[in-house]
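Residue numbers (UniProt numbering): 1 to 269.
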């Protein structure tokens with residue numbers, strides 16, 4: 001059985017600690033990497049130091065996603081925010097290069113179906129083409145993620161099929177799919193077939209059990225079987241742990257002793 005190393009999503013795990021302490025906590029509890037969508041409040045030089053001290057890598061983060069207080073989750077589809085997207089792209093690329101990140105998430109945004117027009121999709125595709133072209137100069141991949149309506153109502157990309165079609169329309173070779181296992185289950189799709197169908201595009205994987213979005217083993221999903229399918233399809237990345245702990249983070253890490261968790265990434269506390 002192929003075992004996959006784990007990336008701690010610091011927006012969900014170890015949230016009782018300041019963000020600057022979560023990198024070391026991830027290391028202390030057996031994670032091989034970390035991720036967090038918006039690291040910008042920590043200067044890149046400081047973040048690089050935290051990563052070096054812990055011996056961890058940072059797997060991926062996102063371009064700025066707009067005004068969270070207003071419910072925004074990305075601005076890529078909004079024609080009147082193109083300049084903001086461009087500025088965010090430059091900032092993200094500079095930060096990524098400074099800390100050794102090779103993947104950036106360009107979120108699409110939220111828009112009710114009744115308000116969607118062809119220009120919104122065209123805007124996103126144009127922004128992705130720009131992002132891919134600039135990222136390619138630094139050997140960075142752009143990733144996009146479909147999010148289920150149950151978890152993120154009105155998110156513009158809500159199925160892996162739509163994400164794959166958008167990637168195809170960009171014509172860019174360095175845009176890939178962030179496949180979230182929880183979101184895939186939440187929309188009722190066969191996880192194994194989805195992996196097989198989109199394997200060539202998958203660049204990163206998020207895990208959480210379903211229902212509940214808690215630790216693996218807390219719900220209905222068969223993670224040994226899911227990771228076996230990922231391995232069969234040639235996935236070589238890490239598994240991003242984007243789940244909401246049912247209790248305290250550390251108390252819920254017992255599942256990390258499973259055979260499908262990579263060697264050297266077992267929980268130690």
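Glycine residues also receive a C-beta, built at the ideal position from the N, C-alpha and C atoms.
Exercise. In terms of alpha-carbon separation, which member of 229, 254, 218 and 223 lies closest to residue 195?
Worked result: Nearest to residue 195 by alpha-carbon distance, out of 229, 254, 218 and 223, is 229.
Problem set entry | residue 31 (DSSP reduced to helix, strand or coil) | Here residue 31 carries a coil assignment [DSSP, helix/strand/coil].
Exercise. DSSP three-state call for residue 124: helix, strand or coil?
Worked result: Residue 124 sits in a helix when the DSSP states are folded into three classes.
For this session: Between the Cα of residue 168 and those of 188, 144 and 151, spot the shortest distance and give me the residue it belongs to.
Result: In this structure, 144 is the residue among 188, 144 and 151 with its C-alpha nearest to the C-alpha of residue 168.
Exercise. Buried or exposed: which applies to residue 176, given that a residue is buried once 16 or more other Cβ atoms fall within 10 Å of its Cβ?
Worked result: Classification for residue 176: buried.
Problem set entry | Nearest to residue 193 (by Cα), restricted to the options 227, 219 and 173 | Out of 227, 219 and 173, 227 has the C-alpha closest to the C-alpha of residue 193.
Exercise. Just curious, the beta strand (DSSP E) that residue 74 is in, first and last residue?
Worked result: Looking at the DSSP string, residue 74 is not in any beta strand (DSSP E), and its letter there is neither H nor E.
Problem set entry | Nearest neighbour of residue 112, chosen from 152, 133 and 85 [CA to CA] | Taking residue 112 as reference, the option from 152, 133 and 85 with the minimal CA-CA separation is 152.
Exercise. What separation, rounded to the nearest whole angstrom, lies between the Cα atoms of residue 135 and residue 102?
Worked result: One alpha carbon belongs to residue 135, the other to residue 102, and they sit about 9 angstroms apart.
Exercise. Which value, in whole angstroms, describes the spacing of the CA atoms of residue 50 and residue 20?
Worked result: The straight-line gap from Cα to Cα measures roughly 8 angstroms.
Exercise. Using a Cβ-Cβ cut-off of 6 angstroms (strictly less than) and excluding sequence neighbours within five positions of residue 22, which residues of its own chain qualify?
Worked result: Result list for residue 22: 10 and 14, in chain order.
Exercise. Do you know how far the Cα of residue 127 is from the Cα of residue 107?
Worked result: Cα to Cα, the separation comes out at about 10 angstroms.
For this session: State yes or no: is the C-beta of residue 37 within less than 8 angstroms of the C-beta of residue 4?
Result: For residue 37 and residue 4, no; Cβs fall outside 8 angstroms.
Exercise. Which same chain residues, not among the five before or five after residue 148, have their C-beta less than 7 angstroms away from its C-beta?
Worked result: So the list reads 158, 183, 186 and 187, once near-sequence residues are dropped.
Exercise. What beta strand (DSSP E) runs, 3 residues minimum, are completely inside the segment 83 to 154?
Worked result: The segment 83 to 154 contains these whole beta strand (DSSP E) runs: 103 to 105 and 141 to 144.
Exercise. With C-beta atoms as the reference, is residue 207 less than 8 angstroms away from residue 181?
Worked result: The answer is yes: Cβ separation under 8 angstroms.
For this session: Quick one: residues in its chain with C-beta nearer than 8 angstroms to the C-beta of residue 48, no 5 flanking neighbours on either side, listed in chain order?
Result: Closer than 8 angstroms at Cβ, skipping near neighbours: 98, 99 and 100.
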